[in-house]
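Numbering (our numbering), first residue to last: 25 to 229.
Idealized CB from N, CA, C, for every residue including glycine.
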Ligand code: PRP
């Protein structure tokens, strides 16, 4: 039995479709169901941010999760495969009518991605105050809570609708297939077999 943690939302949906493809049958989570058993697989539906935790503690052997989250959490997992979907950037956003000036003193940056943000600015020796938020990040510059934000941009619509624009991309992210380290050593052949099947499914053969 292999347990796979999938995130709620679009990445999880595409992930489940990939497994449907490699198993050659359709299956779905029942309404409000968080566990789905299909043959030798058990799928878990978890919050996006919790996928690395489930896999790290081996509550799941495998998981599908964005590279942005892997970089943000720094949780030690085996990165098996870049799945190519769930593409987005982590970008600096500012008010549409302003220019980015990183030389200004006492810059404040609002973000839910504290570690990526801290690393980015400290590597460039730019002193900033990081203001940790849990959502609606785009609001912060509009009400004077921060000078800029660091957030995920997928279509750019959320920034646009809130009078912001992305000015600089910090990192690109796509969904990754990840494995728990012990699971990977214990079930290496099985896991590598799945990895190859997914790779073939992604490339349409
Ligand atoms: C992200 C991000 C933006 C939005 C960007 O949040 O924080 O608000 O998506 O997408 P767009 O460029 O297509 O408008 P998400 O929906 O992932 O939710 P979260 O706050 O729960 O992480």
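Exercise for review: Check the DSSP bridge columns for residue 65 and list the partner residues they point to.
Suggested key: Along the chain shown, one-based indexing puts residue 65 at 41. According to DSSP, which records beta bridges pairwise, residue 65 is partnered with 26 and 62.
Exercise for review: May I ask which residues mark the beginning and end of the alpha helix (DSSP H) holding residue 225?
Suggested key: Here residue 225 corresponds to residue number 201 of the chain shown, with the count starting at 1. Here the alpha helix (DSSP H) through residue 225 covers 212 to 226.
Review point. At a Cβ threshold of 7 Å, is residue 199 touching chain B?
Key: Within the model displayed, chain B is absent; a lone protein chain is all it includes.
Check your understanding: Whose C-beta lies closer than 8 Å to the C-beta of residue 63 among residues of the same chain, with five residues either side of it excluded?
Key -> Your numbering for residue 63 matches position 39 in the chain shown. The residues are 47.
Practice item. Keeping to the same chain, check which residues put their C-beta closer than 6 Å to that of residue 75; ignore five residues upstream and five downstream. Key: Position 51 of the chain shown holds residue 75. Result list for residue 75: 29, 31, 87 and 89, in chain order.
Practice item. Please go through the same chain and pick out, in chain order, the residues whose beta-carbon is closer than 8 Å to the beta-carbon of residue 200, but skip the five residues on each side of it. Key: Counting from 1 along the chain shown, the entry for residue 200 is found at position 176. These residues qualify, in order along the chain: 88, 89, 90, 91, 94, 103, 104, 105, 106 and 107.
Review point. With respect to the beta strand (DSSP E) encompassing residue 151, which residues constitute its N-terminal and C-terminal limits?
Key: Against the chain shown, residue 151 aligns to sequence position 127. It is not in any beta strand (DSSP E) - residue 151 carries neither H nor E in the DSSP assignment.
Review point. Measuring CB to CB, does residue 170 end up less than 7 Å from residue 136?
Key: The count along the chain shown starts at 1 and reaches residue 170 at position 146. The count along the chain shown starts at 1 and reaches residue 136 at position 112. Cβ distance not < 7 Å, so residue 170 and residue 136 don't count as in contact.
Practice item. Please check the pair residue 194 and residue 144, which I expect to be a contact at CB under 8 Å, by giving their CB distance rounded to whole angstroms. Key: For the purposes of this step, residue 194 is identified with residue 170 of the chain shown, where counting begins at 1. For the purposes of this step, residue 144 is identified with residue 120 of the chain shown, where counting begins at 1. Right, the Cβ-Cβ distance comes to about 5 Å (below 8 Å), so this counts as a contact.
Point to revise | Option nearest residue 226 by Cα separation, candidates 61, 78, 186 and 44 | key: Numbered from 1 along the chain shown, position 202 holds the residue referred to as residue 226. Ranking 61, 78, 186 and 44 by Cα distance to residue 226 puts 44 first.
Check your understanding: Which residue's Cα is closest to the Cα of residue 127: 186, 149, 161 and 83?
Key -> In the chain shown, the residue the question calls residue 127 occupies position 103. When each option's Cα is compared against that of residue 127, the closest is 149.
Review point. Counting only runs that start and end within the segment 89 to 174, where is the beta strand (DSSP E) found for 3 or more residues in a row?
Key: 102 to 106, 112 to 119, 131 to 135 and 152 to 156
**Study point:** Opposing strand residues paired with residue 196 [DSSP bridges]
**Key:** On the chain shown, position 172 is the one that residue 196 refers to. Answer is 113, bridged to residue 196.
Check your understanding: Is it the case that the Cβ atoms of residue 120 and residue 189 are separated by a distance below 7 Å?
Key -> Along the chain shown, read from residue 1 onward, the residue named residue 120 stands at position 96. Along the chain shown, read from residue 1 onward, the residue named residue 189 stands at position 165. Their beta carbons are under 7 Å apart, which means residue 120 touches residue 189 by this criterion.
Check your understanding: Helix, strand or coil: how does DSSP classify residue 87 here?
Key -> Taking the first residue of the chain shown as position 1, residue 87 is located at position 63. Of the three classes helix, strand and coil, the one that applies to residue 87 here is strand, per DSSP.
Check your understanding: Does the ligand PRP have even one heavy atom less than 6 Å from the beta-carbon of residue 74?
Key -> Within the chain shown, residue 74 is the residue found at index 50, counting from 1. False, no ligand heavy atom lies under 6 Å from that Cβ.
Point to revise | beta-carbon residue 228 near the ligand PRP non-hydrogen atom, thresh 6 Å | key: Reading the chain shown from its first residue, position 204 is the one you call residue 228. Answer for residue 228: no, Cβ out of range of the ligand PRP.
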